[in-house]
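The structure appears below as C-alpha cells.
Residue numbers (our numbering): 25 to 504.
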C-alpha cells in the first residue's frame with residue numbers, strides 16, 4: 025500500500041488583524057516527515073507512507089494569501105511526484121482562514137482530490153474546533169476528529185483516521201461520510217469535554233463506533249472566532265450503511281442542539297478587575313488566572329497588557345505573568361542587560377487596539393534558548409514578574425516556566441494567556457479563575473460582529489427552531 029500524507033494545521037481568528045506568514049509555521053517537507061515525532065505512529069502500519077508537505081502553526085490571524093498559495097503548491101507538487109498512490113492521509117486542523125478566501129480546507133482537500141482522481145480514497149483527521157463544509161465532505165471518504173478538549177487524544181485521532189484507510193485498502197470495502205450540521209457555535213471554554221454537557225455527549229462516541237457499519241463517529245464543536253458561513257458544530261459519521269449513518273448523525277446532532285443552553289464555563293469567571301481582586305484575596309495558591317480574550321492558542325494576538333495593568337493598579341504581589349508578546353520590550357531588555365532598570369511601555373505592539381501599560385522594570389533575565397522558539401526576557405515591577413517574548417507563543421507547559429527559572433507552583437498568582445487550562449497547569453490551579461477579557465478571541469462571543477453567517481446560529485440567534493438533516497457525501501451517493 026502506497027499512502028501519501030501531509031496537510032496544513034492551524035486555526036485563524038478572522039478578528040485578529042495580524043497575518044500569519046511562512047515564518048510563523050513549523051514546516052516539514054519530504055523525507056523529514058518520516059522522522060518527525062508528529063508522524064512517528066505511522067511506523068506501526070504495514071504500509072509505505074510517502075511524505076509530501078506539512079505545516080503547523082500556533083493559532084493566530086488569517087494566513088497571508090501568498091503564504092497559503094506557496095504551501096498549497098509545494099504540497100501538490102510533492103504529491104504529484106509520489107503518484108500513483110493507493111490512498112491519501114491529510115492531517116488537518118479545520119479552522120484555517122486565508123485572506124480573500126472562504127473554506128481554505130475545502131480548497132486544499134478538493135485540490136488533492138482533483139490530483140489523485142476519483143478512485144483514490146482520502147482520509148482526514150481534524151481538531152474538533154475546526155469547521156466543515158459540504159465541499160469538504162464531498163471530496164473525502166473517511167473522517168475523524170479529536171474527542172477531547174483540552175486535546176489529549178491527538179495521536180489517537182490520527183491513528184483512527186489512518187486505520188480506516190488501511191482497513192479500506194486491505195479489505196476493498198469503501199466507506200463513505202455523512203454529516204449533520206448543527207447551528208450552534210460556542211467557544212471551547214464552554215464546551216470542554218471535562219465538563220458537562222460535552223463530557224456526556226463525547227462519551228457517546230465510542231458506543232456509536234460499536235454499531236454495525238459505523239467506522240467512526242465524530243462530533244465537531246466548530247471554531248467560533250471565524251466569521252465564516254461554515255462556522256458551526258456538526259455530527260459526522262464514517263461507515264458503509266447510509267441509513268445507519270444518517271440516523272446516528274441526526275441523533276447526535278439533536279442531542280447537541282438540545283443541550284445548547286447547558287454549556288457553561290468550567291471555572292470561576294469574571295471581569296479582569298473582578299478576577300484580579302479574587303486572586304489577591306485568595307487564601308490558597310497558586311491562583312492560575314487565565315487571560316482568555318488574548319489567548320494565542322485560540323487565535324488571540326497575545327500582546328495585550330490590560331491584565332498586567334490591573335495587577336499593578338491593585339498592588340498584586342508574588343505574581344508571574346506569562347507572557348506578553350512585545351518585541352520592542354524584549355529587544356530593550358537584551359540591549360540593557362540583566363540588572364538594568366528601564367521605563368518601558370508594554371503591550372499593543374502587534375494590534376494597536378490592545379491595552380498597554382507604562383512602568384519601571386528591572387531586567388532579571390534574558391534568554392535566547394533555541395528550545396523556546398523565541399527570545400524572552402524576565403522583567404520585574406513591584407511584586408510582579410513579567411515574561412515578554414519577541415514572538416507570539418503560549419506558556420502552557422511547566423517546562424516553559426522552568427526554562428526561565430520560574431516555578432509556578434510556588435507563586436501566589438500565575439497569569440497565563442489561555443482559556444481552559446492545559447493538562448499540565450490545571451492540576452496546579454488552587455483555584456483556577458478565568459478573566460472574560462476583551463480581545464480577538466473574546467469569550468463573550470455575542471459581542472463579536474457576525475457579518476457573514478448565512479443562517480441563524482446559537483448563541484448569536486436564539487429564537488429559531490432546528491431539526492437535524494443528515495447529508496451524504498457526493499462520493500457516498502455515487503458509490504451506492
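Where is the CB? At the ideal position from N, CA and C, for every residue including glycine.
*Excluding sequence positions up to five away, which residues of its chain have a Cβ less than 7 Å from the Cβ of residue 338?*
300, 301 and 304
*Which residues share a DSSP beta bridge with residue 79?*
32 and 51
*Proximity below 8 Å, CB of residue 8 to CB of residue 147*: Not covered by the structure: residue 8. The range shown for the chain is 25 to 504.
*What is the DSSP secondary structure of residue 397, counted as helix, strand or coil?*
coil
*Per-residue DSSP class, three states only, for residue 72*: strand
*Under the rule that 16 or more other beta-carbon atoms within 10 Å means buried, what is residue 90, buried or exposed?*
exposed
*Can you tell me whether DSSP reads residue 356 as helix, strand or coil?*
helix
*Which partner residues of residue 200 appear in the DSSP bridge assignment?*
263
_Quick check on residue 16: does DSSP put it in helix, strand or coil?_
Residue 16 is absent from the model: the chain starts at 25 and stops at 504.
_Exposure label - residue 467; buried when at least 16 CB within 10 Å_ = buried
*With DSSP collapsed to three states, give me the class of residue 150.*
strand
*Going along the chain, which unbroken runs of the alpha helix (DSSP H) with 4 or more residues stay wholly within the segment 323 to 392?*
330 to 337 and 351 to 360
_With three or more C-beta pairs closer than 8 Å as the rule, is the segment 324 to 333 touching the segment 375 to 385?_
yes
*Would you mind stating whether residue 445 and residue 293 have Cβ atoms separated by less than 8 Å?*
no
*From the DSSP output, in three-state form, read off residue 92 for me.*
helix
*Could you please give me the residues that DSSP links to residue 483 through a beta bridge?*
Partner(s): none; residue 483 has no beta bridge.
*Tell me, please, whether the segment 329 to 336 touches the segment 392 to 401 by the rule of three or more beta-carbon pairs shorter than 8 Å.*
no
_Under 8 Å: do the segment 416 to 423 and the segment 363 to 373 share three or more Cβ pairs, one atom per stretch?_
no
*Counting only the same chain and skipping the five closest in sequence on each side, list residues whose C-beta sits under 7 Å from that of residue 504.*
The pLDDT assigned to residue 504 is 46, lower than 50, so where the model puts this residue is not dependable; a value taken from the coordinates is nonetheless given after this. Around residue 504: 266.
*Helix or strand or just coil, what does DSSP make of residue 474?*
coil
*May I ask which residues mark the beginning and end of the beta strand (DSSP E) holding residue 461?*
Per DSSP, residue 461 belongs to no beta strand (DSSP E) and is neither H nor E.
*Cα separation between residue 48 and residue 268?*
43 Å
*Three-state secondary structure (DSSP) at residue 302?*
helix
_Buried or exposed, going by whether 16 or more other CB atoms sit within 10 Å of the CB of residue 196?_
exposed
*asked:* Between which two residues does the alpha helix (DSSP H) holding residue 135 run?
replied: 128 to 140
*From the DSSP output, in three-state form, read off residue 206 for me.*
strand
*Between the beta-carbon of residue 435 and the beta-carbon of residue 310, is there less than 8 Å?*
yes
*Beta-bridge partners of residue 404, as assigned by DSSP*: 386 and 409
*Going by alpha carbons, who is nearest to residue 86 out of 38, 264 and 144?*
38
_If the criterion is Cβ atoms closer than 8 Å, does the pair residue 404 and residue 315 meet it?_
no
*Rounded to a whole number of angstroms, what is the C-alpha to C-alpha distance between residue 131 and residue 110?*
22 Å
*Compare the Cα-Cα distances from residue 199 to each of 141, 162 and 481 and report the closest residue.*
162
_Residues near residue 296 by beta carbon distance below 7 Å, same chain, minus five either side_ = 330, 331, 334, 459 and 461
*asked:* So for residue 242, helix, strand or coil by DSSP?
replied: strand
*Is the beta carbon of residue 30 sitting closer than 8 Å to the one on residue 76?*
yes
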